[in-house]
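In mature numbering (1 follows the signal peptide of the UniProt record, and there is no 0), the protein residues as written are -28 to -1, 1 to 328.
One structure below.
Laid out in structure tokens, this is it:
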């Protein structure tokens, strides 16, 4: 088999799959067929200890009916479809080991019959359910930069950037955008940063309370589209996770545990219900954002290879030094300084024009 470029090895991850299957306001789009099949290389050695040591802990909202789900169990309760019509001649038993075979059929949509998930136990573990995926990408630079992506049973995630084994910054994905913080700024249990999952939407926030996401990337305390987060059930995603390394050169994922299924990673597509028409009962359109929208795509589409802590879609990547409210004057000054610094950094990258 030939070498697979990253554009040929897109996968929705258990995070994307479970979100699409488990939440009402997400949906599925058609699959993009890979130009070639990908073969995973031999498993690498061990997971860097700091990836687990500093992994986030997630508070699930106290009233959230959608708990972390198991990717394999969801597949057993899914029906592959194209345009709401079941695909003929699909494998009768779709598993994590053959999910990629659906790529040959032109597309699929997964519409499960159940999606309540598994509530974490007192230790934060989803017993009997592998409910997250961790992807480690080494930059290969002199600073030994490593990006560790923590994908949850929905499509949202945290990413922690390490340099020489020390955590430097953390990204919280929130719907179409998100926020970045200095690692030292986040609330923690021990050395592990805390995340809060939005009730029913599962956007990941650094604090509890009300979060407005009407404007992508701008987290306000009130607005038209709001998420609620609180200290409901504490979930430790590392206790039930598949863990992989990712090569930016080959676009391939390698499991750290050779028994971990890999073929499903190369399934290309979105998961869940298709976006409801604007005239459908319950559908809401606020500033172009729909309440019941097309489902998420997977980690391959979350920029596993990125220059900054933020994905490139975030035009101004501000790595904030605080997560909670500070003195208003101080807040404005810090933001102004960060914006000035980021604009200066961006300007220095543009080639200068020679004078005639």
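The beta carbon of each residue, even a glycine, is placed where N, CA and C say it ideally should be.
Residue nearest to residue i in terms of C-alpha spacing, selected from the options
i: residue 35; options: 222, 209, 174 and 212; result: 174
i: residue 68; options: 51, 59, 58 and 47; result: 47
i: residue 275; options: 164, 216 and 283; result: 283
i: residue 76; options: 240, 247 and 308; result: 240
i: residue 158; options: 17, 21 and 294; result: 294
i: residue 235; options: 155, 154, 292 and 66; result: 66
i: residue 91; options: 62, 38, 249 and 170; result: 38
i: residue 216; options: 123, 316, 311 and 320; result: 123
i: residue 223; options: 261, 108 and 18; result: 108
i: residue 272; options: 255, 218 and 161; result: 218
i: residue 269; options: 246, 258, 291 and 254; result: 246
i: residue 22; options: 134, 264 and 229; result: 134
i: residue 181; options: 309, 111, 169 and 200; result: 200
i: residue 248; options: 265, 198, 260 and 49; result: 265
i: residue 260; options: 250, 93 and 128; result: 250
i: residue 17; options: 111, 227, 232 and 285; result: 227
i: residue 206; options: 93, 125 and 171; result: 93
i: residue 125; options: 64, 150 and 98; result: 98
i: residue 172; options: 197, 150, 63 and 139; result: 197
i: residue 70; options: 255, 309, 317 and 233; result: 233
i: residue 169; options: 160, 161 and 183; result: 183
Coil, strand or helix - residue i by DSSP
i: residue 74; result: helix
i: residue 66; result: coil
i: residue 154; result: strand
i: residue 310; result: helix
i: residue 91; result: coil
i: residue 145; result: strand
i: residue 270; result: coil
i: residue 206; result: strand
i: residue 278; result: coil
i: residue 184; result: strand
i: residue 29; result: strand
i: residue 318; result: helix
i: residue 199; result: strand
i: residue 167; result: strand
i: residue 224; result: coil
i: residue 106; result: strand
i: residue 19; result: coil
i: residue 217; result: strand
i: residue 178; result: coil
i: residue 138; result: strand
i: residue 252; result: coil
i: residue 45; result: helix
i: residue 34; result: coil
i: residue 240; result: coil
i: residue 305; result: helix
i: residue 293; result: coil
Beta-bridge pairing of residue i - partner residues as DSSP gives them
i: residue 261; result: 258
i: residue 288; result: For residue 288, which the question treats as bridged, DSSP gives no partner whatsoever.
i: residue 121; result: 107 and 131
i: residue 51; result: The partner list for residue 51 (beta bridge, DSSP) is empty, contrary to what the question assumes.
i: residue 160; result: 165
i: residue 101; result: Note: residue 101 sits in no beta bridge, so no partner.
Contact belief for residue i with residue j at Cβ below 8 Å, rounded distance in angstroms
i: residue 136; j: residue 115; result: 6 Å
i: residue 96; j: residue 208; result: 3 Å
i: residue 204; j: residue 32; result: 5 Å
i: residue 342; j: residue 281; result: Because residue 342 is not part of the residues shown, which for the chain are -28 to 328, the question remains open.
i: residue 288; j: residue 314; result: 5 Å
i: residue 74; j: residue 60; result: Residue 74 to residue 60, Cβ: 12 Å. No contact.
i: residue 154; j: residue 258; result: At roughly 32 Å, the Cβ-Cβ gap does not stay under 8 Å, so residue 154 and residue 258 are not in contact.
i: residue 277; j: residue 220; result: 4 Å
i: residue 49; j: residue 238; result: The pair is not a contact, with the Cβ atoms about 22 Å apart (cut-off 8 Å).
i: residue 41; j: residue 89; result: 4 Å
i: residue 121; j: residue 111; result: 13 Å between Cβ atoms; not a contact.
Segment contact flag, the segment 97 to 106 with the segment 207 to 215, C-beta cutoff 8 Å, min 3 pairs: Using a Cβ-Cβ distance cut-off of 8 Å, the segment 97 to 106 and the segment 207 to 215 are in contact, since at least three pairs of beta carbons, one from each stretch, lie closer than that value.
Cβ contact (3+ pairs, closer than 8 Å) linking the segment 151 to 170 and the segment 18 to 34: The segment 151 to 170, when compared against the segment 18 to 34, does touch it at the 8 Å Cβ threshold.
Cβ contact check for the segment 131 to 148 and the segment 176 to 185: 3 or more pairs under 8 Å: Taking a cut-off of 8 Å for Cβ pairs, the segment 131 to 148 and the segment 176 to 185 touch, as three or more such pairs fall below it.
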